[in-house]
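**Student:** In full-length UniProt numbering, the protein residues as written are 1 to 359. From the three backbone atoms N, C-alpha and C, an ideal C-beta is built for every residue, glycine too.
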Ligand SMILES: O=C(O)CCC(=O)C(=O)O
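(1) So which residues put a beta carbon under 6 Å from any heavy atom of ligand 1, going in chain order?
(2) Any idea what DSSP makes of residue 119, helix, strand or coil?
(3) Taking residue 16 as the reference, which of 291, 342, 335 and 321 has the closest Cα?
(4) Compare the beta carbon distance of residue 197 and residue 242 with 7 Å and say whether it is the shorter of the two.
(5) Using the DSSP secondary-structure output, state which residues sit across from residue 313 in a beta bridge.
(6) Rounded to the nearest angstrom, how far is the Cβ of residue 192 from that of residue 247, given a contact under 8 Å?
(7) Alpha carbon to alpha carbon, what distance is there between residue 253 and residue 2?
(8) Roughly how many whole angstroms lie between the Cα atoms of residue 93 and residue 57?
(9) Where residue 137 and residue 323 are concerned, what is the direct C-alpha to C-alpha distance, given to the nearest angstrom?
(10) Checking the sheet assignment: what are the DSSP bridge partners for residue 195?
(11) Would residue 274 pass as a contact of residue 105 if the rule is Cβ separation under 7 Å?
(12) Taking residue 91 as part of the beta strand (DSSP E), name the residues at either end of that continuous run.
(13) Where does residue 52 fall in DSSP's three states?
(14) Which residues does DSSP list as the beta-bridge partners of residue 140?
(15) State the CB to CB distance for the pair residue 281 and residue 96, rounded to an integer number of angstroms; the pair is presumed to be in contact (CB under 8 Å).
(16) Starting from the Cα of residue 358, find the closest Cα among 296, 317, 295 and 208 and give me that residue.
(17) Hey, out of 350, 262 and 288, whose CA is closest to residue 296's CA?
(18) Which residue wins for smallest C-alpha separation from residue 232, given the options 325, 65, 64 and 88?
(19) Pick helix, strand or coil for residue 234, following the three-state DSSP scheme.
(20) What residue range is occupied by the uninterrupted alpha helix (DSSP H) comprising residue 109?
(21) Looking at C-alpha atoms only, which residue of 132, 140, 213 and 144 is the closest neighbour of residue 169?
(22) Per DSSP, what kind of secondary structure is residue 5 in: helix, strand or coil?
(23) Where do the N-terminal and C-terminal ends of the alpha helix (DSSP H) with residue 186 fall, by residue?
(24) What residue does the beta strand (DSSP E) around residue 350 start on, and which one ends it?
(25) Expressed to the nearest angstrom, what Euclidean distance is found between the alpha-carbon atoms of residue 80 and residue 194?
(26) What distance in whole Å lies between the Cβ atoms of residue 45 and residue 25, which are believed to be in contact at a cut-off of 8 Å?
(27) Since residue 73 sits in a beta bridge, which residues does DSSP pair it with?
(28) Do residue 72 and residue 60 count as a contact pair if the criterion is CB distance below 7 Å?
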């Protein structure tokens, strides 16, 4: 499901309306800047058709007409909730999270959510990694432990590595050139997902209840229950059982997909956006259906329930650094010295936490 700038797409998929929209919005760089990575400049893209719920919210407050097909929901929620006429079950809550809440969940996403037994994309290669964020701050490196062998044994799977351990960088250099290591900062930047609660197994594209797991933290559960209410069947309460945290760096994208592994599609997926602004594509039940493009900003929450659960969706683009002035709102909240690394990270990243009732 997860893709990047370099992901290859079968040719026939290029012909679908969803793929064409992905190509339209994805990040391309100006050719003239190809040789110098530092100065690479994003190619301008026509954003005139992207729904902007910031301005929709303003129009709503000023009693001005909303764009065609955008309908405010009368549901008694403490903030305006919008639905889309031709995508039943889809709800958009602009600015649902306060700046303080956004900072809290950014920090949790970097510190506690990737902690074992929660799994991350790094598990497959390195096994469980403890305290990656702390190690990245301390500029440590993860070093292969070869056991009694002093170096790599190509005849054994994984080169005979017994495990991986963090070391100070000066200790790594003293181990010599045969030492296999990777900097914690690089691993943090390459963090693509972590899973909370019931663990999602990407290779099987399903939940693996046999994998060890902790419950989703109670504060996140309570928040998800509250945010889910506009999309919940009357008198029922959302039960958060699993969550996927997606981490996006510059150029990363999430290809069009369905989230169809949960038993009851009448229950929403509660999806929270943090950090850099993104474009979200909400397609129809077929990839041939032209998707609706909309901006997702830090603090926005999207709910997908019922028929919307059958709609292809994805994130073709995030806007980082100079392309995203709005990040300054978060910068003010991250004033404490301890928060500096999280701030550095989020200036050029986006985090999405999507919470699911699995059964
Ligand atoms: O990043 C987002 O906003 C969407 C995430 C998503 O679609 C997913 O994880 O299935």
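**Tutor:** Quick look at the numbers:
(1) Spelled out in chain order, the answer is 244, 246, 254, 259, 271, 273, 280, 296, 313, 315, 352 and 354.
(2) Strand.
(3) Nearest of 291, 342, 335 and 321 to residue 16, Cα basis: 291.
(4) Against a cut-off of 7 Å, the Cβ pair of residue 242 and residue 197 comes out as a contact.
(5) Beta-bridge annotation (DSSP): residue 313 is paired with 257 and 282.
(6) Confirmed, Cβ separation roughly 6 Å.
(7) Confidence in residue 2 is poor, its pLDDT being 45 and thus under 50, which makes the residue's placement too unreliable to answer from.
(8) Cα-Cα distance, rounded: 9 Å.
(9) Approximately 26 Å between the Cα atoms of the pair.
(10) Its beta-bridge partners are 119 and 244.
(11) In contact: residue 274 and residue 105 (Cβ atoms closer than 7 Å).
(12) Looking at the DSSP string, the run of the beta strand (DSSP E) that includes residue 91 is 90–93.
(13) Note: residue 52 maps to coil in three-state DSSP.
(14) Residue 140 is bridged to 168.
(15) Taking a contact as a CB-CB distance under 8 Å, the pair residue 281 and residue 96 does not count as one, their CB atoms being some 20 Å apart.
(16) Ranked by how close their Cα comes to the Cα of residue 358, the residues 296, 317, 295 and 208 have 208 in first place.
(17) Answer by Cα proximity: 350.
(18) Looking at the Cα atoms, 88 is the closest of the given residues.
(19) Per DSSP, reduced to three states, the secondary structure at residue 234 is coil, with no helix or strand assignment.
(20) First-last of the alpha helix (DSSP H) with residue 109: 99–110.
(21) Looking at 132, 140, 213 and 144, the one whose alpha-carbon comes closest to that of residue 169 is 140.
(22) Note that residue 5 has pLDDT 42, beneath the 50 cutoff, so the model's placement of it is unreliable and no number is given.
(23) Run containing residue 186: 184–189, per the alpha helix (DSSP H) assignment.
(24) Taken as a continuous stretch (DSSP letters only), the beta strand (DSSP E) holding residue 350 covers 350–356.
(25) Straight-line Cα distance between these residues: approximately 30 Å.
(26) Contact between residue 25 and residue 45 holds, with the beta-carbon distance rounding to 6 Å and staying under 8 Å.
(27) Residue 73 is bridged by DSSP to nothing; it lacks a bridge partner.
(28) Yes, these two residues count as a Cβ contact at 7 Å.
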